[in-house]
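Novice: First residue of the sequence shown: 23, per the working numbering; consecutive thereafter.
Built from N, CA and C at the ideal position, the CB exists for glycine as well.
These numbers come from a predicted model, not from an experiment.
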Amino acid sequence: MTVDASASALFIAVAAVPGLSVHGAQTYVWATLIIWATTATADVFARRTVRDERFEKRLDRAERRKG
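(1) Is it the case that the region 59 to 67 contacts the region 75 to 89, given that we only count it when at least three CB pairs across the two stretches are under 8 Å?
(2) Quick one: grab the DSSP three-state call for residue 66.
(3) Apart from the five residues on each side of it in sequence, which residues of its chain come closer than 6 Å, Cβ to Cβ, to residue 28?
(4) Just to confirm the assignment: which complete alpha helix (DSSP H) runs, minimum length 4, are found wholly within the region 24 to 60?
(5) Given residue 37, which residues of its chain have a CB within under 6 Å of its CB, disregarding the five upstream and five downstream residues?
Set out below in structure tokens:
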């Protein structure tokens, strides 16, 4: 997710969620960076999880072929 997409998501969230308010440009910048960093971190961990699960499936298939 790019920083532009994060900023857009923040604007949509502010418009769609009643009671959510963001005041000032600096708050938008910080919130955008937090959203971007969180998404990037989650993406890294999700890729590792998927990669590990695929590796385990390959090992299981290889063991079944042998046995």
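Specialist: So, from the listed chains and residues:
(1) no
(2) helix
(3) Excluding residues within five positions, the ones whose Cβ falls inside 6 Å are 54, 57 and 58.
(4) 25 to 38
(5) Taken in chain order, the list of residues that qualify is empty.
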